[in-house]
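Below is one structure, written out as C-alpha cells; the observations come after it.
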Amino acid sequence: MDEIVIKTNQLTRCYRTYKKETGLLASFKSLFSNKFEVKHALLPIDLKIFKGQIVGLVGSNGAGKTTLLKLLSGLIFPTEGEASVLGYTPWERPNAFLRQISLLLGQKNQLWWDIPAKDSFQLLITIYDLNKTETLKRVDNLADRLDCRHLLNVPLRRLSLGERMKMELIGSLLHSPKILFLDEPTIGLDVVAQTNIRQFILEELKGTDVTIILTSHYMDDIALLADRLLLMSHGAIAYDGTVDHFMSLTPSTKRLVVDFTNPLEDEVMISSNLKISRGSLSFDRSLSSRELFDALKIITTQTPIRDLKIEEPNFEDVIRIFLEKESSLHKVRNFH
Amino acid sequence: MSYVSFLKRNLACIKLGISTRITYPIDFFLAIVLIPICFFLVEAAFWVGLIEASGSDQLGGFPVSYYLGYFLYSILQLGSINWRFERAMIAEINSGAVNALLLRPSSFYEYHLGQLLGQKLITILTMTPVVVLIAWIWDLPFHLDRLPLVLMMGISYVILLFSLHFAVAAMAFFFDNVYSLNNSKNMIIWILTGELMPLDLLPSPLREWVIALPFSCGIYLPASYLSGRIDFNMFMNGFISLAIGGLVFGLLASFIWKRGLRHYGGTGA
C-alpha cells in the first residue's frame with residue numbers, strides 16, 4: 207500500500223484584508239476607519255498525497271494553490287483544520303520536519319545575493335548539519351547535471367535569472383528533502399532554461415521517493431512532470447486525478463485553422479450558429495466533431511484555400527476552458 | 054549533538070556577517086576610517102566650541118579632553134550598531150524574504166544576530182587601531198587595560214539591543230509599515246545611550262534613572278570607563294541592568310515573534 211506523506215482534514219485559510227477607496231479624501235478617512243473584509247483563500251480541503259508522487263497544483267491567480275502550498279510547507283497557520291506532513295504539523299516547524307522538506311520559490315532568491323552560490327551551499331551544509339565532503343560532491347554532481355559548475359564561484363547577483371534558478375534548485379536539493387515544494391520554478395525563464403529545469407526534475411526526481419508539490423502557470427511543466435493533477439478554483443479543489451484522465455473528461459474538440467487565398471466575397475454559413483464573415487482572410491476555431499465535419503465540407507468546396515490545419519486540443523486550452531467554466535459556475539452560485 | 058550544531062550554525066552566521074561586510078571593500082573602508090573620523094571631528098568641533106563659549110575650561114566637572122575621549126570611544130560601539138541592519142529585517146518580513154529562513158532548521162533570530170555579531174567583530178577589529186591612533190595623536194585620556202571589559206559590555210549590549218530591534222521588526226507581521234515606530238525607538242535610544250551627550254550632564258534625578266537603564270551600556274558606561282570618567286563599580290553595575298534588560302527584551306521579542314507568525318500571510322510566496 208502506498209505510504210501517505212501528506213494528509214489534510216478540513217484545512218481552511220481566510221485572510222483579513224482592508225479595502226480603501228480611491229482618492230485623497232478616502233486616504234484621510236482611512237486614518238480613522240478602515241473597511242475590513244474576510245477573504246476565503248482556501249475552503250475546507252481534505253487531501254491525501256502519497257510518497258513519490260508529483261502533484262501539479264493548477265489554477266488561476268487567487269485560486270488558493272499557493273495558500274495550500276504555504277500551509278503544507280508550514281509557512282503560515284491555518285484558520286481551521288488539520289494537516290500532517292511526514293507525521294508533523296507543518297506550521298509548528300520543528301527542525302526535524304524542516305530538515306526533510308524544501309521550498310523553492312521561483313520569484314524569490316533563497317540563496318545569498320552578495321556571495322557565490324558555493325559559499326551559500328557551505329552555509330546550508332552547516333545549517334542542515336550535513337556531511338561536508340559528501341554534500342560538496344553532490345553539489346558538483348548536480349551542477350554538472352545542470353551544466354553550471356563553472357558558475358559556482360560567481361556571486362549570485364552576477365548570474366542571469368536562469369542561472370540563478372539552477373543554483374536555487376541545487377540549494378533546495380542539498381539536504382535530500384523527502385518533500386519538495388516547487389512554486390513556479392520556471393517563471394520568467396526563457397524557453398531553453400525552462401526546458402533545462404523541467405528535464406532536470408524529470409530525470410533526477412521523477413520516479414524517486416521524493417514527493418513534489420508543483421505549482422506552475424506553464425502547463426508544459428504540469429503535463430510533463432505531474433503524476434497527479436489538482437485543479438483549484440476559488441479556494442476549492444475542482445479536479446483531482448491524472449492529467450490523462452482529465453483530458454479524457456473534456457468534450458472532444460479540435461481546432462480548425464484555415465487561411466484563404468483572397469478575402470471571402472460572400473458570407474459562408476457553416477451551421478445556424480457558425481458562419482464566416484464576408485471579407486475574412488482566415489478562420490480559427492475549436493469545433494466539435496460534427497461541426498468540424500460540416501465546416502470542412504463547406505469550406506473546401508466553396509472557397510479558395512491557401513493553408514488548412516486541424517489541431518488536437520492541448521492541455522493548456524483544456525485547462526483554460528475548464529477554469530473559465532468553473533469561474534462562471536462560481537459566479538452563478540454566488541449570484542443565487 | 055544538537056548543541057554542537059547550534060554553535061556551528063551560529064558560527065556560520067557570524068562568518069556570513071563578516072564576509073558580506075567586506076564584500077564591498079570601498080564601502081567597508083569608508084565605514085571604518087572615514088565615518089569615525091568625520092563623526093569625531095563633528096563632535097570635537099561641537100564640544101570644544103561649547104566649552105570655550107561657556108567661558109570655562111570644564112563642563113560638568115570634566116575638561117574638554119574627557120569629552121573628546123568619550124566621543125572617540127563611542128565610535129567603537131556605534132560602529133556595531135548598524136541601523137541599516139534592523140531595516141533589513143523589517144524589509145525581509147515585508148517582502149517575504151523571511152520565507153526562506155522560516156523553512157530552514159535555524160531561527161530568524163540567530164541568523165540575524167550571528168550576522169550582526171560578525172559585522173561588529175570585523176568592524177571593531179579594524180576600527181580599534183584607528184581609534185587608538187586618534188587618541189594618541191590628540192593625547193586623549195585612554196585606559197587600554199579597560200578595553201577587554203569594555204568590549205565585553207559592547208558585545209552584551211549588542212545582544213540586548215538586537216532583541217529590541219527584533220521585537221520591533223516582528224511588528225511588521227502586523228503592520229505594513231513599521232519604519233516610524235523603528236525611527237522613534239532609535240531616537241529614544243539615541244538619547245538613553247548617551248550618544249547625544251554624556252548622561253551625567255542630565256539633571257538629577259533623571260540622570261540616575263537613565264544611567265540605571267541598560268541602554269547606558271550602549272555608549273555612556275563603556276566610553277566613560279575607557280576615558281576614566283567613571284569608576285569600576287559603576288561600570289560593573291551596567292552588567293546587572295544588561296542581564297535584566299536582556300531577559301525582558303528577549304521575552305518581548307519572543308512573544309511578538311510568535312504572535313506575528315500566527316498573523317503572517319506568507320507574503321510574496
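First to last, the protein sequences are chains A and X. Heads up, the first sequence is in our numbering, so the first residue is 207 and it goes up one at a time. Heads up, the second sequence is in our numbering, so the first residue is 54 and it goes up one at a time. Backbone N, C-alpha and C define an ideal beta-carbon position, used for all residues, glycine too.
query                                                                                                                                                                                  : result
Which partner residues does A289 of chain A have in the DSSP bridge list?                                                                                                              : A:T214
Using a Cβ cut-off of 7 angstroms (strictly closer), state whether N147 of chain X contacts chain A.                                                                                   : no
What residue from A:M373, A:L498, A:K515, A:S495 has the CA that sits closest to S488 of chain A's CA?                                                                                 : A:K515
In chain order, which beta strand (DSSP E) runs of at least 3 residues are fully inside the region 179-203 of chain X?                                                                 : none
Can you name, in chain order, every residue of its own chain whose Cβ lies under 8 angstroms from the Cβ of E390 of chain A, other than the five neighbours on each side?              : L311, G312, Q313, T421, S422, H423
Short of 8 angstroms in beta carbon distance, which residues of its chain neighbour I134 of chain X, apart from the five on each side in sequence? Order them along the chain.         : Summary for I134 of chain X: the model assigns pLDDT 49, below 50, so the residue's position carries little reliability, and this model does not support an answer.
Assign G543 of chain A to one of three DSSP states: helix, strand, or coil.                                                                                                            : Examination of residue 543 of chain A is not possible in this model, given that chain A is present from 207 through 542 alone.
In the DSSP assignment, find the unbroken beta strand (DSSP E) run with L311 of chain A in it and report its ends.                                                                     : 307-311
What are the boundary residues of the alpha helix (DSSP H) that includes W303 of chain A?                                                                                              : Just to set this straight, residue 303 of chain A is Phe in the shown sequence, not Trp. Element bounds for F303 of chain A: 301-304.
Rounded to whole angstroms, what's the CA-CA distance from A306 of chain X to A220 of chain X? Just pull it up for me.                                                                 : 4 angstroms
Under 8 angstroms, with one C-beta from each stretch per pair, do the region 456-471 of chain A and the region 489-500 of chain A reach the 3-pair mark?                               : yes
Answer with buried or exposed for G265 of chain A, where buried requires no fewer than 16 other C-beta atoms within 10 angstroms of its C-beta.                                        : buried
Would you list, in chain order, the members of the region 60-83 of chain X that have their beta-carbon closer than 7 angstroms to a beta-carbon of chain A?                            : K61, R62, A65, L69, S72, T73, T76
Within the continuous alpha helix (DSSP H) that includes H451 of chain A, where are the two ends?                                                                                      : 449-455
State the Cα-Cα distance for the pair T392 of chain A and G262 of chain A, rounded to the nearest angstrom.                                                                            : 14 angstroms
Using the Cα positions of L252 of chain X and I297 of chain X, report the straight-line distance between them to the nearest angstrom.                                                 : 20 angstroms
Is it buried or exposed for A349 of chain A, if we count other Cβ within 10 angstroms and need 16 for buried?                                                                          : buried
Are the C-beta of N267 of chain A and some C-beta of chain X separated by less than 7 angstroms?                                                                                       : no
How many angstroms separate the CA atom of F256 of chain A from the CA atom of T272 of chain A?                                                                                        : 19 angstroms
Quick check on this structure: which residue in X:E96, X:G171, X:S159, X:G102 has the alpha carbon closest to the alpha carbon of I208 of chain X?                                     : X:G171
So K241 of chain A contacts chain X; which residues on that side make the cut at Cβ distance below 7 angstroms?                                                                        : Those do not exist, as K241 of chain A stays about 16 angstroms from chain X at its closest Cβ, beyond 7 angstroms.
Using three-state DSSP, classify D165 of chain A as helix, strand or coil.                                                                                                             : Any answer about residue 165 of chain A is impossible in this case: the structure gives chain A only from 207 up to 542.
Using the three-state DSSP reduction, which class does V86 of chain X fall into: helix, strand or coil?                                                                                : helix
Could you pull the DSSP bridge partners for I67 of chain X from this structure?                                                                                                        : Partner(s): none; I67 of chain X has no beta bridge.
Contact defined as beta carbons within less than 8 angstroms: I believe G319 of chain X pairs with L281 of chain A. What is the distance between those atoms, to the nearest angstrom? : 4 angstroms
Establish whether the CB of N152 of chain X and some CB of chain A are separated by less than 7 angstroms.                                                                             : yes
Taking the C-alpha atoms as reference points, what is the distance between G394 of chain A and L255 of chain X?                                                                        : 59 angstroms
Taking Cβ to Cβ, would you say I79 of chain X is nearer than 7 angstroms to I175 of chain X?                                                                                           : no
Along chain A, which residues have their Cβ under 9 angstroms away from the Cβ of Y317 of chain X?                                                                                     : L281, I282, F283
Can you have a look at Y77 of chain X and say buried or exposed, based on whether 16 or more other CB atoms are within 10 angstroms of its CB?                                         : exposed
Which residues in the same chain have their Cβ closer than 8 angstroms to the Cβ of L193 of chain X, if we skip the five residues on either side of it in sequence?                    : S118, L121, G122, L125, I187, S280
Straight-line CA distance for F466 of chain A to I511 of chain A?                                                                                                                      : 4 angstroms
Nearest-angstrom Cα distance between L304 of chain A and E139 of chain X?                                                                                                              : 26 angstroms
Which residues in chain X sit within 7 angstroms of N301 of chain A, going by Cβ to Cβ distance?                                                                                       : P158
Give me the Cα-Cα distance between E522 of chain A and L156 of chain X, rounded to the nearest whole angstrom.                                                                         : 32 angstroms
Identify every residue that forms a DSSP beta bridge with H246 of chain A.                                                                                                             : A:C220
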